[in-house]
Every structure is written in structure tokens, then in C-alpha cells.
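Notes for the one structure printed next.
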Amino acid sequence: MTRLFFSNCIFAQRTLVALLAIAMIFSSCKKDDDEEDDDTNNNNNNQTQVTEPNTTPEFNDGDAILVALKSTSFTQTMGMNIPTEIGLAVGAFTEATGSATLVDAGTITCEGKTLTKNDNNSYVFTAGVADPTGIAFSDNVAWEVSGNSGNGISAISTTVSIGWPEMSPIQGDPTTVSTSSD
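Residue numbers for the sequence shown follow the working numbering, beginning at 1017 and rising by one.
Here it is, written out as C-alpha cells:
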């Protein structure tokens, strides 16, 4: 039996840009008292080295992942925020639980839209000229996988009812960032 991870996500592009700008500001700041810290650390004989945790998710108990992604951006026109939603989908099936090798799973559809199989056996549906807003998601997301018995992938037909988070536009001008110090 194939276990799946489902994810419904919504991103506001302006939020992402603002968060990236803030992250760049904090990562580029330099403390004025670096020399003081170095002297203090050199005098401490009982130093403990801190190892950063691995933040890459690892799904060691699943054979596949199907992701529905709804990206919402807001455009301000004549004082009104106009939302634009773009729906994308991604799928991948592995040869065994915990494996990084992807296998052919047959045809995958999300909300009736067929995902394109890449050379590495990952699947993706992106918006394009013929379908500029991608997949029009409702509250539920319907997935169909034809399966591939040669790779041990069973046919799947399921509807996920997780729902979508709501996002409102960012107020103010996220392109103006002050770097002055007090």
C-alpha cells in the first residue's frame, strides 16, 4: 500500500518578497563589537560547539508525495486589491520507502489536469500560455494516479479535504526597507 503526504499551501508573493528582504537585512548586519566577543570566547576553556539542526524534511515512512499548491498574489488597482490565484501540482513516487530514486507511476491528474512526467520520473503541472492560472482549486483536491504494476505502484483515486489557509494583502509598501541604524 502506498502512503502519501498531501500538502495544500497558499503563498502571497508580496509576503514572500517582504520576508526575503527582511532575511537579507538580518543576515547582512554586522555587529560592531565582534572583537569583544572574540576575546571573551578565547578566554573560555569550556567552549561547546553548537551544531545547526537539519531543516530539510525527511519522509522516511512514505513511498510518494502529491502536492497541490495555490499561490495568491494581490495587485492594487484603483485602490482595490485584486487577487490572482495560480494553481500548481507536483507528484513523485519512490522505488521503496525512504528511497531517493523516483519511479514511473503512470498518469497523474490533479483536479482533471494531467501532470507532465519529467526525465527523473517526477511529475509537475505548471501554468502556461494555454492555462495562465493553472489549476482552479476548490475546497477539495481530487487526485488520480493510473499506477504502474511494473514498479509496484497501485492505482489511486482520492480526494483530499484539508482546505486552504486564507491570506490577506500586506498593507504598506513592502519595497521600502530602511537600513539606517539608531
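A virtual CB, placed ideally from N, CA and C, is assigned to each residue, including glycine.
Neighbourhood of residue i by C-beta, 6 Å cutoff - its chain only, sequence neighbours within 5 removed
i, result
"P1099", "T1088, F1090"
"G1122", "S1162, G1163, N1164"
"I1124", "G1107, L1131, Y1139, V1161"
Per DSSP, cross-strand counterpart(s) of residue i
i, result
"V1157", "V1176"
"A1108", "I1081"
"T1113", "T1113 pairs with nothing; no bridge assigned."
Inter-residue Cα distance where the pair is residue i and residue j
i, j, result
"I1151", "S1115", "29 Å"
"T1142", "T1113", "27 Å"
"N1136", "D1155", "31 Å"
"V1145", "G1103", "14 Å"
"V1083", "V1106", "5 Å"
"N1167", "D1120", "7 Å"
"C1126", "K1133", "13 Å"
"G1179", "E1101", "15 Å"
"V1176", "W1159", "8 Å"
"E1068", "L1085", "29 Å"
Residue i in three-state terms, based on DSSP
i, result
"S1184", "coil"
Same chain, Cβ closer than 8 Å to residue i, five either side skipped, listed in chain order
i, result
"M1096", "none"
9 Å Cβ cutoff, residue i in contact with chain D
i, result
"A1171", "Among the chains of the structure shown, chain D does not appear; only one protein chain is present."
Cβ-heavy atom distance, residue i to the ligand COA, below 8 Å
i, result
"T1174", "As for the ligand COA, it is missing from this structure, which has no ligand bound."
Whole beta strand (DSSP E) elements within the stretch 1115 to 1151, 3-residue minimum: 1124 to 1126, 1139 to 1141
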